[in-house]
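Numbering (the numbering used here), first residue to last: 6 to 167.
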(Lines of atoms letter the chains of each structure in order from A and count residues from 1; the text may use other names and numbers.)
(Lines give C-alpha, C1' and ligand atoms only; values in the text may rest on other atoms or scores of the structure.)
Protein backbone atom coordinates (compact mmCIF):
# COMPACT_ATOMS: atom_id res chain seq x y z
CA UNK A 1 0.00 0.00 0.00
CA UNK A 2 1.12 3.54 -0.75
CA UNK A 3 0.26 6.65 1.25
CA UNK A 4 -1.41 9.42 -0.71
CA UNK A 5 -2.55 12.93 0.11
CA UNK A 6 -5.56 14.50 -1.59
CA UNK A 7 -7.18 17.92 -1.64
CA UNK A 8 -10.96 18.22 -1.91
CA UNK A 9 -12.88 21.39 -2.67
CA UNK A 10 -16.46 22.41 -3.41
CA UNK A 11 -18.41 25.63 -3.86
CA UNK A 12 -21.77 24.49 -5.23
CA UNK A 13 -24.85 23.09 -3.53
CA UNK A 14 -24.59 21.63 -0.02
CA UNK A 15 -20.84 21.96 0.32
CA UNK A 16 -20.45 19.92 3.52
CA UNK A 17 -22.56 17.12 2.07
CA UNK A 18 -20.46 17.20 -1.11
CA UNK A 19 -17.29 16.70 0.96
CA UNK A 20 -18.89 13.90 3.00
CA UNK A 21 -20.14 12.10 -0.11
CA UNK A 22 -16.76 12.39 -1.84
CA UNK A 23 -14.95 11.00 1.23
CA UNK A 24 -17.38 8.08 1.38
CA UNK A 25 -16.78 7.30 -2.30
CA UNK A 26 -13.01 7.69 -1.92
CA UNK A 27 -12.99 5.24 0.99
CA UNK A 28 -14.04 2.46 -1.39
CA UNK A 29 -10.53 2.26 -2.90
CA UNK A 30 -8.54 4.47 -0.56
CA UNK A 31 -8.38 3.52 3.09
CA UNK A 32 -8.78 7.03 4.49
CA UNK A 33 -6.51 7.73 7.43
CA UNK A 34 -6.68 11.40 8.37
CA UNK A 35 -8.98 14.20 7.29
CA UNK A 36 -8.30 17.85 8.09
CA UNK A 37 -10.72 20.38 9.45
CA UNK A 38 -12.94 22.17 6.94
CA UNK A 39 -11.67 25.52 5.68
CA UNK A 40 -13.70 28.16 3.90
CA UNK A 41 -11.60 29.93 1.29
CA UNK A 42 -11.70 32.58 -1.37
CA UNK A 43 -11.89 31.36 -4.98
CA UNK A 44 -8.52 30.96 -6.70
CA UNK A 45 -7.87 31.60 -10.37
CA UNK A 46 -11.41 32.55 -11.38
CA UNK A 47 -12.66 34.85 -8.64
CA UNK A 48 -16.25 35.64 -9.72
CA UNK A 49 -17.82 32.70 -7.88
CA UNK A 50 -18.88 31.52 -4.41
CA UNK A 51 -16.41 30.71 -1.63
CA UNK A 52 -15.06 27.17 -1.38
CA UNK A 53 -14.93 24.61 1.37
CA UNK A 54 -11.62 22.73 1.31
CA UNK A 55 -10.14 19.78 3.16
CA UNK A 56 -7.10 17.55 2.87
CA UNK A 57 -7.22 13.79 3.35
CA UNK A 58 -4.62 11.07 3.56
CA UNK A 59 -5.05 7.41 2.84
CA UNK A 60 -3.45 4.19 1.71
CA UNK A 61 -4.09 2.60 -1.64
CA UNK A 62 -3.04 -0.27 -3.87
CA UNK A 63 -4.02 1.75 -6.95
CA UNK A 64 -1.25 3.09 -9.17
CA UNK A 65 -1.11 6.89 -9.54
CA UNK A 66 -2.86 6.64 -12.93
CA UNK A 67 -5.54 4.32 -11.55
CA UNK A 68 -6.05 6.67 -8.61
CA UNK A 69 -6.49 9.60 -11.02
CA UNK A 70 -9.11 7.66 -13.01
CA UNK A 71 -10.83 6.72 -9.74
CA UNK A 72 -10.96 10.33 -8.48
CA UNK A 73 -12.16 11.61 -11.85
CA UNK A 74 -14.88 8.95 -11.75
CA UNK A 75 -16.00 10.29 -8.37
CA UNK A 76 -16.12 13.83 -9.75
CA UNK A 77 -18.21 12.62 -12.70
CA UNK A 78 -20.57 10.58 -10.48
CA UNK A 79 -21.16 13.70 -8.38
CA UNK A 80 -22.07 15.60 -11.58
CA UNK A 81 -19.00 17.81 -11.80
CA UNK A 82 -19.07 19.72 -15.08
CA UNK A 83 -15.89 21.46 -16.22
CA UNK A 84 -16.88 24.67 -17.95
CA UNK A 85 -14.49 27.41 -16.79
CA UNK A 86 -10.91 26.69 -15.72
CA UNK A 87 -10.79 27.08 -11.91
CA UNK A 88 -14.53 27.75 -12.04
CA UNK A 89 -17.39 26.60 -9.80
CA UNK A 90 -17.57 22.90 -9.01
CA UNK A 91 -19.64 20.42 -7.07
CA UNK A 92 -16.43 18.61 -6.13
CA UNK A 93 -12.78 18.73 -7.05
CA UNK A 94 -10.43 15.96 -5.97
CA UNK A 95 -6.73 16.57 -6.58
CA UNK A 96 -3.89 14.15 -5.96
CA UNK A 97 -1.31 16.19 -4.07
CA UNK A 98 1.29 13.57 -3.16
CA UNK A 99 1.81 9.85 -3.72
CA UNK A 100 4.40 8.11 -1.55
CA UNK A 101 7.69 7.58 -3.37
CA UNK A 102 6.41 8.97 -6.67
CA UNK A 103 7.56 11.99 -8.61
CA UNK A 104 6.11 12.12 -12.11
CA UNK A 105 5.14 14.55 -14.84
CA UNK A 106 3.01 13.14 -17.65
CA UNK A 107 0.37 14.68 -19.88
CA UNK A 108 -2.35 13.39 -17.53
CA UNK A 109 -0.78 13.65 -14.10
CA UNK A 110 1.92 15.54 -12.23
CA UNK A 111 2.99 14.47 -8.72
CA UNK A 112 3.58 16.39 -6.53
CA UNK A 113 0.65 18.52 -7.69
CA UNK A 114 2.13 21.32 -9.82
CA UNK A 115 0.41 24.16 -7.94
CA UNK A 116 0.69 22.80 -4.39
CA UNK A 117 3.34 25.40 -3.51
CA UNK A 118 1.17 28.42 -4.35
CA UNK A 119 -2.17 27.46 -2.81
CA UNK A 120 -2.76 28.30 0.84
CA UNK A 121 -6.14 26.53 0.62
CA UNK A 122 -4.16 23.32 0.01
CA UNK A 123 -1.20 23.94 2.32
CA UNK A 124 -3.16 24.91 5.46
CA UNK A 125 -5.31 21.73 5.57
CA UNK A 126 -2.34 19.59 4.47
CA UNK A 127 -0.20 20.90 7.33
CA UNK A 128 -2.90 19.77 9.75
CA UNK A 129 -2.64 16.09 8.71
CA UNK A 130 0.91 15.67 7.38
CA UNK A 131 4.49 16.03 8.52
CA UNK A 132 6.06 19.39 7.67
CA UNK A 133 8.49 17.73 5.24
CA UNK A 134 5.94 15.57 3.37
CA UNK A 135 6.52 17.54 0.14
CA UNK A 136 9.88 16.33 -1.25
CA UNK A 137 12.53 18.99 -0.74
CA UNK A 138 10.03 21.45 0.76
CA UNK A 139 8.66 22.51 4.13
CA UNK A 140 4.93 23.19 4.35
CA UNK A 141 5.52 25.84 7.01
CA UNK A 142 8.11 27.63 4.83
CA UNK A 143 5.77 27.52 1.83
CA UNK A 144 2.97 28.98 3.98
CA UNK A 145 5.25 31.84 4.99
CA UNK A 146 5.64 32.60 1.27
CA UNK A 147 1.96 32.23 0.29
CA UNK A 148 0.40 33.44 3.51
CA UNK A 149 -2.83 31.98 4.83
CA UNK A 150 -5.06 35.03 4.48
CA UNK A 151 -8.60 34.11 3.50
CA UNK A 152 -8.29 30.49 4.73
CA UNK A 153 -10.71 30.21 7.67
CA UNK A 154 -11.28 27.04 9.70
CA UNK A 155 -15.02 26.51 10.13
CA UNK A 156 -15.05 23.16 11.94
CA UNK A 157 -14.52 19.44 11.73
CA UNK A 158 -14.71 17.47 8.52
CA UNK A 159 -17.94 15.54 7.92
CA UNK A 160 -16.06 12.25 8.29
CA UNK A 161 -15.53 9.92 11.19
CA UNK A 162 -14.02 7.03 9.22
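A virtual CB, placed ideally from N, CA and C, is assigned to each residue, including glycine.
Burial state of residue i, where buried means 16 or more other Cβ atoms lie within 10 Å
i           : result
residue 135 : buried
residue 111 : exposed
C-beta contact flag for residue i and residue j at 9 Å
i           : j           : result
residue 40  : residue 21  : no
residue 140 : residue 149 : no
residue 121 : residue 99  : no
residue 164 : residue 24  : yes
residue 145 : residue 118 : no
residue 58  : residue 160 : yes
Beta-carbon separation (whole angstroms), residue i vs residue j, contact threshold 8 Å
i           : j           : result
residue 26  : residue 13  : With a Cβ gap of about 10 Å, residue 26 and residue 13 do not count as contacting.
residue 157 : residue 125 : 5 Å
residue 114 : residue 162 : Contact flag wrong, Cβ pair sits at about 30 Å.
residue 35  : residue 15  : At roughly 18 Å, the Cβ-Cβ gap does not stay under 8 Å, so residue 35 and residue 15 are not in contact.
Span of the beta strand (DSSP E), counted from its first residue to its last, around residue i
i           : result
residue 75  : First-last for residue 75: 70-83, but that is the alpha helix (DSSP H), not the beta strand (DSSP E).
residue 102 : 98-104
residue 46  : 43-46
Nearest to residue i (by Cα), restricted to the options the options
i           : options           : result
residue 127 : 160, 24, 154, 18  : 154
residue 84  : 118, 17, 123, 131 : 17
residue 152 : 123, 166, 133, 33 : 123
residue 69  : 56, 19, 166, 103  : 103
residue 74  : 143, 45, 160, 9   : 9
residue 76  : 142, 29, 105, 19  : 29
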